[in-house]
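Worksheet for the structure shown next.
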Amino acid sequence: MNPWTARLSVNRVAVASASVLMALAAVASFAFGHHLARLAGTSSTMAWLWPIVVGCTVFQIAYCFVMVGTLPYRTGIIRPYFAVLLLGGVAAGVFGNVFIATDPGALSPAARTVIAAVPSLCLLLVVLNTSIFFSATRPWLHGVDDLSRLRAAETPVVDAAGRLLS
28 MNPWTARLSV
38 NRVAVASASV
48 LMALAAVASF
58 AFGHHLARLA
68 GTSSTMAWLW
78 PIVVGCTVFQ
88 IAYCFVMVGT
98 LPYRTGIIRP
108 YFAVLLLGGV
118 AAGVFGNVFI
128 ATDPGALSPA
138 ARTVIAAVPS
148 LCLLLVVLNT
158 SIFFSATRPW
168 LHGVDDLSRL
178 RAAETPVVDA
188 AGRLLS
């Protein structure tokens with residue numbers, strides 16, 4: 028077998044198996060998330076949106092984490108930022124699914140409030156993460172011409188974050 032053909036076959040199997048696993052995990056997560064939204068008092072016509080919003084937000088965070096790691100220059104604190112968000116999102120998803128699996132019956136007002144706030148927090152994260160990702164992957168938009176001389180502290184994102192924190 029030609030080495031290129033063998034490599035192409037391995038890539039196709041990897042992509043196909045990952046796609047099937049992502050679809051199955053999305054369906055399972057959707058079922059648990061939908062049930063959680065219904066327990067929080069969301070109407071049945073809107074409860075289906077809750078797990079989609081959460082799942083797409085976690086997907087965007089994972090994508091940003093992976094893509095920032097492939098950049099040919101250092102991005103300072105940006106990759107750890109996405110790593111913390113990704114771990115937090117996955118942990119929250121696992122915790123929510125385990126919570127639903129115990130069949131809680133009813134939720135406390137505090138739990139209902141937290142669940143109701145999740146879509147707004149997801150919206151905030153998506154806007155913020157998109158801005159950070161574009162800033163990190165397109166430094167020329169900020170006047171940086173020679174990427175080879177950049178150090179982590181000189182990247183536009185870190186400079187902007189430093190200005191915001193000071």
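Under our numbering, the first residue of the sequence shown is numbered 28, with each subsequent residue one higher. Glycine included, each C-beta is placed from N, C-alpha and C at the ideal position.
Cα-Cα separation between residue i and residue j, rounded to whole angstroms
i, j, result
"GLY132", "VAL37", "46 Å"
"LEU134", "ALA41", "41 Å"
"TYR100", "TYR108", "16 Å"
"LEU148", "PRO136", "18 Å"
"MET94", "ALA64", "31 Å"
"ALA179", "ALA118", "Since pLDDT at ALA179 reaches only 47, below the 50 mark, its modelled position is unreliable, and the value read off the structure follows with that caveat. Distance between the alpha carbons of ALA179 and ALA118: 29 Å."
"LEU151", "ALA50", "26 Å"
"VAL154", "PHE160", "10 Å"
CB contact flag (residue i, residue j, <8 Å)
i, j, result
"LEU113", "THR164", "no"
"ARG106", "PHE126", "no"
"THR84", "TRP77", "no"
"PHE57", "ASN124", "no"
"TRP75", "HIS61", "yes"
"GLY82", "ALA53", "yes"
"ILE88", "GLY120", "no"
Endpoints, alpha helix (DSSP H) assigned at residue i
i, result
"GLY115", "105-128"
"THR164", "136-164"
"THR84", "76-96"
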